[in-house]
Amino acid sequence: MRESVRLLRMFLWKNWRQIRYSWISLLLIFVGCSAIFIVYLFSTNRLLTSPQMTYEGRLFYDIKAEFPSNDVDRIFYAPHNLRTDILMEEVRQELQYPHTGLRFFGNSSEMILEMERSCKGNCYAVNFLNYPTDASREKLKYSISSTSIRISPKKRYVNDEEVAGIKDDDDYIRSGFMTLQHTIDRIFITLQDSHKAINFDFEIASMPTIAQETIDSQRIIWFGSLYSVIFNVLLLSTFLVPLVEEKQNGIKEFLTIATPMNFLNGVSFFVIRLFMYAVFTVVVLIAGGIYQAFSEIVPVGYIIVLFVFYIISAMSYTYLISVFFHSVFHAKVGGLLMLVAPYILYFSKGEVSTLANIFSTKTFMEGIKNFQIFTNKYREVGPSVLNINITESSFTVISVYCIFIAQCLIYAMLYNYLTYVFPGPGSFQRQYLLPIMSLWRRNKPSTEYTTGKIGTDAIIIQDLHKSFKKPLRIISDGLNIAIKNKQITVLLGHNGVGKTTTLNMIMGSELQDSGKITVCGEHEVGSYRHLIGYCPQKSVFMPYMTCAEHLNFFAQIRGMSKHDAGIITDELLIKLNLQDKEKEFGNCLSGGMKRRLSLGIAIAGNTKVVILDEPSSGLDIESRRELWDVLLKLRKSKAILITTHHMEEAEVLGDTIAILANGRVHCSGSPLELKRKIGQGYVLKLCISRDQFKDEILQIIQQQMPASKILTVVLPALHISLPYENQNEYSKVLQQLERRQRELGINSISISDASLEDVFLNCLSEIDVVDGIGSDKETPAYTPFESQKSQISWKEQSEAVFYKKFIFIKSQWGNTLLMVLLPMLSLAIALVLMHSMSLVTYEDKLVLNLNSIQRGIILVGGSNTEILSILKTEIEKYDDIRVESLEKRKGENITDFLLNLQYQNLAYFLENYIGVIHLSTEGNGNINFNIYFSGNIYHSSVILLNLVDDTVARFKMGESSGIETTYVPIRRYISDVSPTRLEYFAVIMPIGLFFSIFFYIALPFHEHASEFKQLQAIPRTIFWLATFVFDAAQHFFVCILLCLLQYVLMPSELYNLSEQLIIIASIFFYGCSYLPIIYSLANAFRSISTISTYMLFMLIVSGKLTNTVLL
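Numbering of the sequence shown is given in UniProt numbering, commencing with residue 1 and proceeding in unit increments.
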């Protein structure tokens, strides 16, 4: 436990150093994001103020006068028979509807199909479900459909989505639905014979509303949306990118090797950024409180809990998606999509909406929506309502919190599993079933290993096999080698022979096909990795730490105390000649100094084995020799394994040298052993003035040593090999040559032992190995190309550029295919969304009775006790609907009484009071029904009217009689092009085109970065014009495919063919306008990541401008 706390403190310090190093950029980011919030809150800070409103009742006669009866309006009915014909003809006359506007059908299916197909105005479909033969025993049942009604039967309360509107009518009144409904009911009642005669009419109005001053609850949604988007941008720039950057630079893997408790680095990374985001959120919430983004109805505590859960869950999600990225560029591009895409799912519906709650952003928006609904309903948020569904489709507050907790657990489990199975390039790979296998097989990291005596084996490799399939390369073919303790072992071999791959298999970065690797007595990589100090070919360092901090940090996380780490840090700084750079940051060092620092990191701390992959690459001669001194001293306490291409280095350092070839150790031994075993002997070096004596010189030597031979003749130098077995004859040969030195034209004589380079070449002289594959093909003779022309025309130069671009596309066919598919996929998604917004269809129907409202209160009063009794009896049939008498008004009129109810408890009134029905009888016996419907309860107007008509029918024809009306929504298209639908196309298509167009930057950028463009002797104008023409043609091909796809998928109701061609032309010119920009960016920056940042910024700005224009 103490060790864990110590390491956690070290990692907290490390991540704090990272924050301090880039504090200016981080401060600008956070201040900028906070400023966006404050500006938004300040500019939208206004209260919704509404005066006390009372509404005058509207007589049926006045409403009937507004019934639409234009030439394109129609009333359809079915089925067609004598009784329905009589009824509908009376209805037509009552409404003064033209004869041509009334049509009949044999069945409802034909009727609805015809209305959907041919209706161009306000159309109504009346389907008689049951027309009673005896009205005293059966109910009249019919349904009405209208093209003008856009209310979903599923909707219940207006303030489920917005503050209850101030209105004196609703869609049913405005569209003529209520007029047609009451006319049919009234004519039906009139046509029935009865001993009771009744003449009735109604007056309808919305219930009055008290004066209100409240916040615009929609601001809560926009506040949450803005916070979600900006917070995801913060996660991208300050969380995901640094995470992936550590992985890309090898720091994450370095820490994994350094300590088995490297997960504490992730914990500290999380904790520090959690604190940063908490501070940012506190600033945002304080600003929200000042500028009234939230209502006082919602306590601050519940809001804070929601934001805290969201921050933790979103950070966990970002941790999870970091597994899929191994470069900063891909993290910026792909990470933006993966972070922002869940926000779009907030607008999804049905099962997709439910499944989308696996994303934290979707759940956060659901929580924000809950608070908005509480605000709309004026309901106080407290412990009693935390587990109540405020609407039928919403989650409870508690369930939102629980979903966040579940998300964190799921994200954490997935992250741990995926980092084990897909750790990324250069990381320790594990098997897919490792989490299951680890349940019964646990490997504890070894901490008790002590370096053995000289000569004992620190690393044992047995029968190791490894091959790559694409392209086919055999790296290890039964490799066997042992690395001795307190010795330096050097691996030599051609490029591609498998030296680095062998080191990676030891470190676990590559999985071997078969074979066994044992390090310090441990067989499992996870058990011995932390015992190894590893220095890869690429220099690994943290740009936010100084040289001294690097060495001290790694020494401490490898188990050293703070005091001992300080001592070894000072020693290593001196040994590595970095004492003058002690306080320099890693990214300020030269290449050679970075290499020394990487070596220091590898050997700092309590490591038992040191593995160095070409440690002296990039070092000057003096630094290389200083490095040798360090390694020779280090050999006294550690086993060291080195790969190198410097033969002098191998000869100086190597206690054992192993030469790899064809996947095996071709030969091994000490430098002297290899020279004696494989070398061609000593080398006699003669400086001669003329080469005609070389044969005579060789003859003199061969008289004493017949096996000697000439190695090279490069005047004035003549090199002759002298076999080791004839060492006794060396003096005789040298004496003879000295006696005849002037005669044979010899200026100087010297002799030296064979070099390790000679040994290496002799060892592999009979083996032709290129990148791990044996080859016996002869190298074709080189024939220089000679052009007949002195000057190449612009046409030929352009063709050369086209050919180069074609070869690039062919080699990058996968990315090319993706480039084509992305805009097509974006187009398909945009069209599907636009189509779904244009096509409105509801499968549910709504029976217009009180059962549809489920619960509530109806106020009833009046003078006709018989009708009131029938009315109350009908209402009381519904369990959760209560009847309250208007008699308790205490002298108040209905309007004042309703206003007083609202003053007493507005939230209760809005949710429970369905309406008022008051009867009054005139002197001539006519009955007037005064109906007040709720402006907050959907469908209350027509439900109350159906209740009145049903009551009158029962009064006239008997208890078994009655009228039941049903509202049936129909499938319809919205013909007008709304800004909302254009937004889908204007936002989604540029995103797809952005990633598609980004492909065009790849070749110019790589040519500029690698300076390959300088090798192309083509004038700048011709080069860029040819590049532009080719890319524009390629983009034109993509637009042709988009045009075909759009023609197939685009409904004619949205855009006709000419409009579709205009859209495709806009896409083409949009892409062409981007090409010069990306060419400029490709030549201005040397980092593809920086270019992607600029282009993303341009995309966001252009998207915002487009939306502004559309809106």
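Backbone N, C-alpha and C define an ideal beta-carbon position, used for all residues, glycine too.
Contact between the stretch 684 to 700 and the stretch 733 to 748 is present: 3 or more CB-CB pairs across the two stretches fall below 8 Å. With contacts defined as CB atoms closer than 7 Å, S960 and R117 fail to qualify as a contacting pair. Across the structure, I344 and F76 are spaced so that their CA atoms are roughly 40 Å apart.
Taking C-beta atoms as the reference points, G498 and S467 fail to come closer than 7 Å.
Around the beta carbon of G923, a 10 Å sphere encloses fewer than 16 other beta carbons of the protein chains shown; the residue is thus reported as exposed.
Segment contact: the stretch 142 to 157 against the stretch 52 to 66, fewer than three CB-CB distances shorter than 8 Å; contact not assigned. Non-local C-beta neighbours of L1041 in its own chain, meaning closer than 8 Å and more than five positions away in sequence, comprise V820 and M824, ordered along the chain. Counted as a single uninterrupted DSSP element, the beta strand (DSSP E) harbouring R74 occupies residues R74 to A78. Minimum Cα-Cα distance from R676 among the listed residues S237, F760, N900 and T1021 corresponds to F760.
Take the alpha-carbon of C402 and the one of A828: they are about 36 Å apart. Within its own chain, the residues whose Cβ lies closer than 8 Å to the Cβ of T951, once the five positions on either side in sequence are excluded, are I867, I870, L871 and E874, listed in chain order. In the DSSP assignment, E964 forms a beta bridge with K141.
For Q462, no alpha helix (DSSP H) run applies; the uninterrupted beta strand (DSSP E) run containing it begins and ends at D457 to F468, by DSSP. Apart from the 5 residues on each side of it in sequence, A135 sits with its Cβ closer than 7 Å to the Cβ of Q192, M957 and S961 in its chain, given in chain order. Taking a C-beta distance under 7 Å as the contact criterion, V328 and V244 qualify as a contact pair. Judged by DSSP secondary structure, I746 falls within the beta strand (DSSP E) whose first and last residues are I746 to S752. For Y420, the closest alpha carbon among the candidates R46, F324, T966 and T921 is that of F324. Around the C-beta of G335, 16 or more other C-beta atoms lie within 10 Å, and the residue is accordingly described as buried.
At the C-beta level, Y878 and L850 come within 7 Å of one another. The alpha-carbon of I481 is positioned some 58 Å away from that of T281. Nearest to L576 by C-alpha distance, out of K369, S527, C667 and L627, is L627.
The straight-line gap separating the alpha-carbon atoms of V525 and M507 is approximately 7 Å.
Bridge partners of Q212 according to DSSP: S50. Here R529 is buried, its C-beta having at least 16 other C-beta atoms within 10 Å. Under the DSSP assignment, L492 falls in the beta strand (DSSP E) whose first and last residues are I488 to L492. In its chain, beyond the 5 residues on either side, I483 and V519 have a beta carbon closer than 6 Å to the beta carbon of I459. A direct Cα-Cα distance of roughly 28 Å separates Q902 from D949.
By the criterion of a C-beta distance shorter than 6 Å, K64 is surrounded in its chain by T179, once the five residues flanking it on both sides are discounted. The stretch 225 to 241 and the stretch 309 to 318 touch, with three or more beta-carbon pairs separated by less than 8 Å. DSSP places R9 inside the alpha helix (DSSP H), whose first and last residues are R2 to Y21.
Approximately 21 Å separates the beta-carbon atoms of A754 and V665; this is outside 8 Å, ruling out the contact. Counting only the Cα atoms, N107 lies some 32 Å from L1049.
Taken in chain order, the complete alpha helix (DSSP H) segments of 4 residues or longer contained in the stretch 307 to 380 are 328 to 344, 350 to 355 and 360 to 376. Under the three-state reduction of DSSP output, C520 falls in the coil class, being neither helix nor strand. For the pair of segments examined, the stretch 88 to 101 was found not to touch the stretch 238 to 252: the number of CB pairs separated by less than 8 Å stays below three.
Uninterrupted alpha helix (DSSP H) stretches at least 4 residues long and entirely within the stretch 680 to 751 occur at 694 to 704 and 730 to 739, given in chain order.
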